[in-house]
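The structure under discussion appears below in the form of structure tokens.
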Amino acid sequence: QNVDRVWDLLRKESRREADIEPLLVSFLYSTILNHDSLESALAFHLANRLSSPNMMATQIMSLLLEAMRNDANFGKSIRADMMAVRERDPACTALPDVFLYFKGFHALQTHRAAHYLWNNNRKVLAHFLQSQMSQVFQIDIHPNATMGSGIMLDHGTGIMIGETAVVGHNCSILHHVTLGGSGRRGNDRHPKVGNGVLIGAGASVLGNINVGDGCQIGAGTLVIGDLPKNSVAVGVPAKIIGRFVDDNAQPSATMNQLGSLSDNDGTIQYYVSAGI
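Remember, my numbering sits 4 above the position in the sequence shown when you count from 1.
Set out below in structure tokens:
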């Protein structure tokens, strides 16, 4: 028998929260505890959030379950995304918080279903899910965009990720980040973001450029050129002010948005004068 540690932990913490807050017992049971799998519970919860007069919750739930069944990576990505939020966000105290309330997580899983539909030539339905995601969660990810696993969309409001964008594994992206295009329709015109990248609030990364693994982009930064692996970039336009000493550094995991400026811990080698 397969062990699903994320599902088991979610159910355990949901029972504990039900004991603490009786008013939420019905909600926790209908949304989590009455289901036999994480996929079933998530499809039920998202369908209720995404439903509209144009498509009933039962129809959306069926679409989501189809994508989860037929996309071999969907289930692993759900679990990796949930644990990414639980481990990186100090405001998250339990796994049910991620599952029930974190709209960045909800939008990302909606996108994964839309991406499945897009790749199976069901583009009208994919656009419907994208539209509902944008209206309900205030996050806009084109169905063709490619998203890795273990991603945290923190806070989420205002995030925009364009059609040909690629985001690697284990990235953290904060609110009001734009991964935008430069050029005409039909061209590969959006950024390619590597693994373990941290993109601060309000940053804009524009055009078909490469952001290397382990980069950190400061809040409000405008990136219009390639960033080498492990770069630390800030400013408008972006300037590379340093690099992580450890080639395997993943700033997305530590979420230290001040780098080591505040404590001079030596994790970043700062440059006296550099830029792109």
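Just so you know, even glycine gets a beta-carbon here, dropped at the ideal spot from N, CA and C.
**OP:** May I ask which residues mark the beginning and end of the beta strand (DSSP E) holding residue 235?
**Re:** 235-238
Original post:
In whole angstroms, what separates the C-alpha of residue 112 from that of residue 31?
Top reply: 22 Å
**OP:** Just list the alpha helix (DSSP H) runs in the segment 67-106, keeping only unbroken ones of 4 residues or longer that don't cross its boundaries, in chain order.
**Re:** 78-92 and 99-105
Original post:
Should the segment 47-63 be regarded as contacting the segment 19-31, the criterion being three or more beta carbon pairs within less than 8 Å?
Top reply: no
Original post:
What residue range is occupied by the uninterrupted alpha helix (DSSP H) comprising residue 209?
Top reply: Note, residue 209: premise wrong, no alpha helix (DSSP H); beta strand (DSSP E) at 208-210.
**OP:** Can you tell me which of the three DSSP states residue 191 falls into?
**Re:** coil
Original post:
Mind checking residue 80: buried by the 16 CB within 10 Å criterion, or exposed?
Top reply: exposed
Original post:
Does the Cβ-Cβ distance between residue 118 and residue 99 come in under 8 Å?
Top reply: no
**OP:** Tell me, please, whether the segment 237-251 touches the segment 212-223 by the rule of three or more beta-carbon pairs shorter than 8 Å.
**Re:** yes
**OP:** Look at the alpha carbon of residue 152 and the alpha carbon of residue 217, and state the distance between them as a whole number of angstroms.
**Re:** 13 Å
Original post:
Under the DSSP definition of a beta bridge, which residues are partnered with residue 182?
Top reply: 164 and 208
**OP:** Please look up how many angstroms separate the CB atoms of residue 174 and residue 257, rounded, as I've assumed it's under 8 Å.
**Re:** 7 Å
**OP:** Kindly indicate the opening and closing residues of the beta strand (DSSP E) around residue 273.
**Re:** 272-274
Subject >> Three-state secondary structure assigned by DSSP to residue 279 >> reply: Model confidence at residue 279 stands at a pLDDT of 46, short of 50, so the residue's coordinates are unreliable; what they give is reported in the following sentence. Three-state DSSP puts residue 279 in coil, outside helix and strand.
Subject >> residue 24: first and last residue of the uninterrupted beta strand (DSSP E) it sits in >> reply: Element bounds for residue 24: not the beta strand (DSSP E) but the alpha helix (DSSP H), 9-24.
**OP:** Specify, as a first and last residue, the run of the beta strand (DSSP E) that residue 247 falls within.
**Re:** 243-248
**OP:** Would you mind sorting residue 254 into buried or exposed? The rule is 16 or more other CB atoms within 10 Å of its CB.
**Re:** buried
Original post:
Going by alpha carbons, who is nearest to residue 43 out of 77, 172 and 156?
Top reply: 77
Original post:
Do residue 3 and residue 231 have their CB atoms nearer than 8 Å?
Top reply: Not covered by the structure: residue 3. The range shown for the chain is 5 to 280.
**OP:** Pick helix, strand or coil for residue 262, following the three-state DSSP scheme.
**Re:** coil
Original post:
For residue 206, which residues from the same chain have a beta carbon less than 6 Å from its beta carbon, with the 5 sequence-adjacent residues on both sides left out?
Top reply: 180, 223 and 224
Original post:
What residue range is occupied by the uninterrupted alpha helix (DSSP H) comprising residue 140?
Top reply: 127-141
Subject >> residue 213 in three-state terms, based on DSSP >> reply: coil
Original post:
CB-CB under 6 Å to residue 61, same chain, minus the five flanking residues each way: which ones, in chain order?
Top reply: 51, 52 and 55
**OP:** With DSSP collapsed to three states, give me the class of residue 55.
**Re:** coil
Original post:
On the three-state DSSP scale, how would you describe residue 151?
Top reply: strand
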